[in-house]
Amino acid sequence: MTDKELENLLVTKLEGEKIDFSNLSDLAEFFDEDFPEYRDIDVTGS
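The sequence shown runs 27 to 72 under our numbering.
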């Protein structure tokens, strides 16, 4: 999936929906439910 495709999915998903991305558990739940292909990506850089 390209960055542009991901951006389009996020915009479509977030229209009319408010998610507090400052809460990491909300962010993780959002990606686990809607973008399971990103579940195993290491975002910590370690």
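Beta carbons: idealized from backbone N, C-alpha and C, even for Gly.
The structure presented is a predicted model; accordingly, all values stated were derived computationally and were not measured.
Self-check item: Three-state secondary structure assigned by DSSP to E59
Solution: Helix at E59.
Quiz item: In terms of residues, what are the limits of the alpha helix (DSSP H) holding N34?
Solution: D29 to L40
Exercise. Would you kindly work out how many angstroms separate the C-alpha atoms of N34 and M27, rounded to a whole number?
Key: 11 Å
Exercise. From the DSSP output, in three-state form, read off S48 for me.
Key: coil
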